[in-house]
Amino acid sequence: MFKKKGMLAGLLSFGLVLAACGGDGNDEGNNGNTGGNGNANNTETNNDGNADANGGSEYTGGPHEWRFVTEETEGQVQYVYAEEFADLIHEKSGGQITIDVYGFGELGSEVDQVEQLQTQIVEFAIISPGFTGTLVPEGNLFALQFLFPDDNEVTQQILDESEAINVHLREQYEQHSITPLAFWTEGAMAWTGSSPLQNPDDFSGFQMRTQESPLILRSYEAYGANPTAMSWGELYTGLQQGAVDGQENPLFFIEDANFNEVQDHLTVSRHNHYVTMTTVNTEFYEGLDEETRALIDETTEEMRDRAFEIQEEQNGVALDLIEEDTDNPTEVYELSEEERDQFRELAIPVRDYFRENGGDNAEMILDMLEEEIAEIEGN
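See the structure below:
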């Protein structure tokens, strides 16, 4: 995959984006992994000198240089996904399309990245709906805890097939120049804390870090916590200095960001799934020729299974690494079904809050999604 970051980085350094930056990619706990992968993709060439990487058919859409920003750093799930997406596009286009991949902090904070996508500073982005909660309130439904099944594969099936999500929720994003191409899970969520988190009483007065999402805040208020929105670029230091007491994330992210260095307790809660979106700027996407749009759509479909594999691989080893880290001993606790039921009882009424405050289409989308979940689980 080819990288040509100099021009864009230079423009941004003059204040188009970085003035609002929430992290520089070198925060403690993320290993400083924000650089790109400079390995070029090798493809076969035909007699005309054009790469023949699309089953013998030659891409005729012309050369393009695009940008793809993620919320994570090199080696983490989103970044690996974006690199492989870029490589596939490069291959399928016979080398005519190049996509530069940017990690968290290289172009600003998560909120900055949403704005960059809307204004076509970047063409593609992986966006977590939690960072668009004020822009598209219906997208807050992914913050509802204990909504999706525990099983990751079943949850991914719902994300792939749901009309509520892929038609009606997508339409809400498109009103803001964001087209979700795919919704996918990065794995079940877990809690870390400076104190044990095993029942709702443990959350009383607990300073819980969350994304910028009103519904996530409401969800933790239901447990009695004091939720605090904070960019993850500030989170390691926030946990270290006691500005917040704990946070939620998939296991791979907790381990890779080294949060166990500054948190003594980890609860395998599976209270939610970290759902993210592969997105493209709507006007850019709709302005492409049919062949190029089809290439993007085809690549998105091919990446569905791969996205699941990437998160499964990384989450599969993360818990072992945390438990084996004797330099930073962490007490790991898995909630029983009885304990999960205590949290579920408090979480379910938040759905009514979402129906009333989650946007004009919140009730319709959630009701349809609940029916779809029940049908898929029933089968």
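Under the working numbering, think of the first position of the sequence shown as 78, with each following residue one higher. Ideal Cβ positions, reconstructed from N, Cα and C, are used throughout, including at glycine. Every value quoted in this text rests on a predicted model; they were computed, and no experiment measured them.
Find the nearest neighbour of residue i within the set the options, judged by alpha-carbon distance.
i, options, result
"V339", "N358, E325, G139, T314", "T314"
"D228", "E408, F385, E440", "F385"
"W143", "L365, F420, V394, F223", "L365"
"H253", "L194, T232, E151, M307", "L194"
"Q424", "T377, V199, Q222", "Just to set this straight, residue 424 is Ala in the shown sequence, not Gln. The shortest C-alpha separation from A424 is found at Q222."
"N456", "A163, V231, E200, E161", "V231"
"T305", "R421, M285, Q317", "M285"
"E422", "F431, L224, A163", "L224"
"D437", "E192, E160, M266, L246", "L246"
"E379", "Y158, F361, S134", "Y158"
"I293", "E135, E447, Q249, N434", "N434"
"M266", "E238, D397, E325, T407", "E325"
"E192", "A220, T359, W268", "T359"
"Y250", "M354, R432, T287, E408", "M354"
To which residues does DSSP link residue i through a beta bridge?
i, result
"G323", "G270, M285"
"V409", "L343"
"T262", "V352"
"F201", "F145, V357"
"T256", "V357"
"P304", "M285"
"T175", "E142"
Distance check for residue j and residue i, CA to CA, integer angstroms please.
i, j, result
"G264", "V345", "12 Å"
"I176", "E289", "28 Å"
"I166", "I373", "7 Å"
"L270", "E311", "Rather than Leu, the amino acid found at residue 270 in this sequence is Gly. Computed Cα separation, rounded: 16 Å."
"R381", "A259", "8 Å"
"V352", "Y156", "15 Å"
"I203", "V154", "11 Å"
"L212", "D404", "42 Å"
"L93", "T369", "In this predicted model, L93 has a pLDDT of only 37, less than 50, meaning its place in the structure is not dependable enough to derive any value."
"A445", "V244", "One detail in the question is off: residue 445 reads as Met in this sequence, not Ala. Roughly 11 Å separates the two Cα atoms."
"F280", "G301", "6 Å"
"L443", "A241", "8 Å"
"I255", "E416", "38 Å"
"R383", "T262", "12 Å"
"E363", "P277", "47 Å"
"E298", "G182", "29 Å"
"L85", "Y179", "Note that L85 scores a pLDDT of 45, beneath 50, so its modelled location is shaky; the value from the coordinates is reported in the next line. In a straight line, the C-alpha of L85 is about 11 Å away from that of Y179."
"E457", "A334", "This structure leaves residue 457 out entirely; the chain is present only between 78 and 456."
"T356", "A395", "27 Å"
"V199", "Q419", "43 Å"
"E168", "E367", "18 Å"
"T137", "A371", "12 Å"
"E149", "W309", "9 Å"
"D164", "P140", "15 Å"
"E400", "W268", "15 Å"
"P406", "M441", "46 Å"
"A439", "F431", "7 Å"
"N337", "F208", "24 Å"
"S239", "P257", "13 Å"
"E408", "E135", "56 Å"
Report the CB separation of residue i from residue j in whole angstroms; it is logged as a contact under 8 Å.
i, j, result
"V146", "Q173", "Contact flag wrong, Cβ pair sits at about 22 Å."
"Q197", "I453", "Rounded, the Cβ-Cβ distance is 36 Å, inconsistent with contact."
"F283", "G319", "The Cβ separation is near 12 Å, so there is no contact."
"I450", "P226", "7 Å"
"S296", "V427", "5 Å"
"H342", "L274", "7 Å"
"P291", "G210", "6 Å"
"F201", "T376", "With a Cβ gap of about 11 Å, F201 and T376 do not count as contacting."
### Task
Indicate whether the contact test is met: 3 or more Cβ pairs, each with one atom in the segment 378-396 and one in the segment 328-335, closer than 8 Å.
yes
### Query
Would you say the segment 409-421 touches the segment 347-359, given that touching needs at least three Cβ pairs under 8 Å?
yes
### Query
So, do the segment 174-193 and the segment 215-226 have three or more beta carbon pairs nearer to each other than 8 Å?
Counting Cβ pairs under 8 Å, fewer than three are found: no touch.
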